[in-house]
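What follows is one structure encoded as structure tokens, with my remarks underneath.
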Amino acid sequence: MNENKNLYGVTALFDSANEIIHAAKEVEKAGYKNFDVNTPYPVHGMDRAMGLKRSTVGFFTLFFGFSGTAFILLFAYWTMSVNYPMVIGGKPFFALPSFIPVTFETTVLLGGIATVVGILAVFFNLPSNNHPLHDTDYMCSVSNDKYGIVIEAEDPKFNENEVTELLKRLGAKKIHTVMNPGKESFPIFEGRFVVFLILVVLVVCGGTYFTLNKVLYLEPFDWMLEQDKLIPQEKSTIFTDNKGMRTTIEGTVARGYLPYPFKGQTIPTETLANPLLPTKKVLEFGKGKFLTFCSPCHGNYADGDSRLHGQFPNPPTLHSARAREFGDGMIYHIIVNGQNTMPSYETQTTSEERWAIINYIRALQRAKNAKPTDLQEVQKELGVNVK
Amino acid sequence: MLNKESGYVKKELPGNIAKIGTVFFAVGLILGTAGYFIEPVRASFSYLVAFMFLVSVGIGSLFLVALEYLAGADWSTPFRRVSEFLSSSIPLLIIFALPLIFNMNSLFHWTHTEAVAEDAVLQGKAPYLNSSFFIIRVVVIFGLWSLFYYLLSKNSRGQDSTGDQRLTKRNIVLSGIFIPLFAITATVTSVDWLMSLEPHWFSTIFGVYFFSGSVWASLAALTLIVVLLKEKGYLSQRINNDHYYSLGTLMFAFTCFWGYIAFSQYMLIWYADLPEESFWFLQRWTGGWEYFSIVLILAHFIIPFGALLSYPAKTNPRRLKFISVWILCTHYLDLYWLTMPNLNVSGFVFSWLDFVFPIGILGLIILIFNINAKKYNLIPVGDPKLQRGLDFTLH
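See the structure below:
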């Protein structure tokens, strides 16, 4: 074991590939374990000369490759069959053949990335990617035209003099000792490097944005939007008055529409009669329409307790004596014509809907002023004791 | 010459190889002929499968030889002769095609003029799919292959005595001409002999599909023979794990390549779901053919993929031999799957004839190989790349 704690190892340079293979063989034979060879290009036969075992990186790749396969198949299954099932091209939800290309890609991608990241993490000892051999004359030579070997001081057999002797005997041209750096440093956290990374990110993002949105920008195909058609609320050149929305032709009535004869009168001289009977179906229908159009101001039970919370003046309750004495035709008149602050609901509702709403209002009014006989009717109908 | 360095001493293959080959071939010939008189149509189809196996291993091997020259590869030089010997069936193809050409009527629907007359699709294809043009194509293509086989192997063998380096250069040029020609001729051959069995069907990737299986089987035949010969000491003993590993890697690569191509063909047809294309796969999914299709996916892709994935599998001689035999059998199954559903459209029908012809073809390949091995060196001793090929190491 070596006594100088700061010594990293002894390096030696050779001139040819044959010499370095010979040297590696001899060093391995001499019993050294912690040594490495650096050559400008991969020298065939080096693994065997150094007595290296096969790398286990392949298992990394295998594991992560299959993880990719499993992940993407489950993901495709979940998205396409569970979370958002969609029929595409008349195929089943889990259409395996169409998932195979992306499965293949993900397998290769994850396997590849895991391999590279694994190698980087293991070999560089991240986050410290510093190495005592960095920026030495030795490293400059072996990345140019020399073949180098380094025997590390960590080796249990290491002895500086013996190692130097051995390397000399093998015909090394230059022998150096390499020291460990004084203190551990993290070059990847250095300001310059971080700024460089940020610059790379900015340039790549900006370049991508500029290329895709400016240089290579193509108008989307909007042929279906740009056809000759009338668009509500928009100008149109089809008609001479340039109006997209048309008014009815004078003297005609739209299908299924009956004009209300007493429109505009505050107190109508005559009113219509309710054509609908208060059947269960009509009441259900009227309830739906009442809740949609009337309840925002009048409240769900027509008490005049609106959900508007003072943004709009509350209407009076419909359970007052006055309202209960209104005829059906009068309420119809108010819906069509509006009253005080209540606007006309003529365009929102059809006449059938209005009559149904009126029937429902009648049901509400009766429920609020129920007589004991009504309760008996309900009990008879439901077969339960209602209090 | 270089015999000393390569450690190669020419030895005759054992005599019983010739016997085995002769017996197999005779069995195939006699039973096949008998079968033809019992069931002429079935025998024609069965023989077509075996014939296509002979074609695919022959031209696949010639492709490997040409590829070695063109790519300047040296690792495969020590056993290039094996591929050359395997491709020496090419000049005989025209003879073995004769029984099929005489039975075109039972094989190819498009030869029936009365059927073509009432079929608009076949009428449109008639300028290509007609008997005379078919025979012209067969003669021209088999002739071209024979020519290139003759030139490439003559140059290679001439080097054994002269060691002339110019012959290598000449073969490189020849290979450069052969490989594009091979791409076209192999496609045409696969379309003519296999795809036109169902003349209404078409697939533009079919030639590549045939090519992938062909080279796959040729590599398996090469690997099997190299491992056997090396173990028995007929090849240089310096052929090592790295050579085996490279052969295994190529087989693995072509396993994936076949899977890629077969899936591409299937997926596009499945996705478009056009009746004029998809019926071909539907035929292979009814009446028992679906089991063949499933077995093909497993045996042609998934099992070899797993079996060839690891390093030991690619270097262990026993495993290599096993997987090579597996690949050869599966390639035969692949050709069977391409051919037979066109005869038994409604479902699989068993026939003893399907086992007769492969035995005959196997005997033929053994016989041809043995004759070549008797006449020529098993190692190209005069090849300038041989030394580098023997020194080959991977890491």
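Residue numbers (this note's numbering), protein chains in the order written: chain A, 1 to 387; chain Y, 1001 to 1395.
Using N, Cα and C, we set each Cβ at its ideal position, and we do this for glycine too.
These numbers were taken from a predicted model, which means no experiment stands behind them.
Does His-1243/Y get closer than 7 Å to chain A when you measure Cβ to Cβ? no
For the beta strand (DSSP E) that contains His-176/A, what are its first and last residues? 174 to 179
Classify Gln-1165/Y as helix, strand or coil using the three-state DSSP reduction. helix
Where Tyr-1311/Y meets chain A, residues with beta-carbon distance less than 9 Å: Arg-54, Gly-58
So, at 7 Å on beta carbons, what are the nonlocal neighbours of Leu-73/A in its own chain, with the 5 sequence-adjacent residues on each side left out? Phe-99, Thr-103
Residues of chain A with CB under 9 Å from Tyr-1271/Y, in chain order? Gly-89, Lys-91, Ala-95, Pro-97, Ser-98
Just checking my contact of Pro-296/A with Leu-308/A at CB under 8 Å: how many whole Å lie between their CB atoms? 7 Å
Beta-carbon of His-1300/Y versus every beta-carbon of chain A: anything under 7 Å? no
Assess contact between the region 5 to 16 of chain A and the region 183 to 191 of chain A, defined as three or more Cβ pairs (one per stretch) separated by less than 8 Å. Is contact present? no
By a C-beta neighbour count over all protein chains shown, 10 Å radius and 16 as the cutoff for buried, is Glu-353/A buried or exposed? buried
Applying the criterion that 16 or more other CB atoms from any shown protein chain within 10 Å of the CB defines a buried residue, is Phe-1133/Y buried or exposed? exposed
Ranges of the alpha helix (DSSP H) found wholly within the region 1152 to 1208 of chain Y, counting only runs of at least 4: 1165 to 1193
Between which two residues does the beta strand (DSSP E) holding Thr-11/A run? 7 to 14
Could you have a look at Met-342/A and say whether DSSP puts it in helix, strand or coil? strand
Could you tell me which of Thr-373/A, Leu-382/A, Gly-112/A, Gly-9/A sits nearest to Asn-34/A, measuring between CA atoms? Gly-9/A
Beta bridge counterpart(s) of Phe-35/A as assigned by DSSP: Ile-151/A
For His-22/A, which option in Phe-63/A, Asn-129/A, Arg-169/A, Tyr-84/A has the closest C-alpha, if you only look at C-alpha atoms? Arg-169/A
C-beta neighbour in chain A for His-1112/Y, strict 7 Å: no
Check Lys-1375/Y in the structure and name its three-state DSSP category. helix
Would you mind telling me which residues of chain Y sit closer than 9 Å to Asp-145/A, beta carbon to beta carbon, in chain order? Going along chain Y, no residue has its Cβ under 9 Å from Asp-145/A, so there is no contact; the nearest lies around 22 Å.
Do Pro-1380/Y and Arg-1081/Y count as a contact pair if the criterion is CB distance below 7 Å? yes
Check whether the region 1309 to 1329 of chain Y touches the region 1242 to 1257 of chain Y, counting contact only when three or more Cβ pairs, one atom from each stretch, lie closer than 8 Å. yes
Smallest Cα separation from Ala-1117/Y: which of Leu-1107/Y, Asn-1130/Y, Ser-1106/Y? Asn-1130/Y
Could you tell me the distance, in whole angstroms, from the CA atom of Lys-1019/Y to the CA atom of Ile-1366/Y? 10 Å
Using a Cβ cut-off of 7 Å (strictly closer), state whether Met-1267/Y contacts chain A. yes
Secondary structure at Lys-989/Y, three-state DSSP: helix, strand or coil? Absent from the model: residue 989/Y. The displayed extent of chain Y is 1001 to 1395, so no value can be given.
Sorted by chain position, which residues of the same chain lie with C-beta nearer than 7 Å to Tyr-1396/Y's C-beta, five sequence neighbours on each side aside? As displayed, chain Y neither begins before 1001 nor continues past 1395, which places residue 1396/Y out of reach and without an answer.
From Arg-1170/Y to Leu-1064/Y, what distance separates their C-alpha atoms? 17 Å
What residue does the alpha helix (DSSP H) around Glu-352/A start on, and which one ends it? 351 to 368
Distance between beta carbons of Gly-304/A and Asn-314/A, contact taken as under 8 Å: 5 Å
Any Cβ of chain Y within less than 7 Å of the Cβ of His-44/A? yes
Does the beta-carbon distance from Leu-7/A to Ala-153/A come in below 7 Å? yes
Out of Ser-1278/Y, Asn-1240/Y, Leu-1309/Y, which one is the CA nearest neighbour of His-1395/Y? Asn-1240/Y
Let me know if Thr-107/A comes out buried or exposed under the rule of 16 or more other beta-carbons within 10 Å of its beta-carbon. buried
What would DSSP say about Lys-243/A, mapped onto helix, strand or coil? strand
Would you list, in sequence order, the uninterrupted beta strand (DSSP E) runs of no fewer than 3 residues that lie entirely inside the region 109 to 140 of chain A? none
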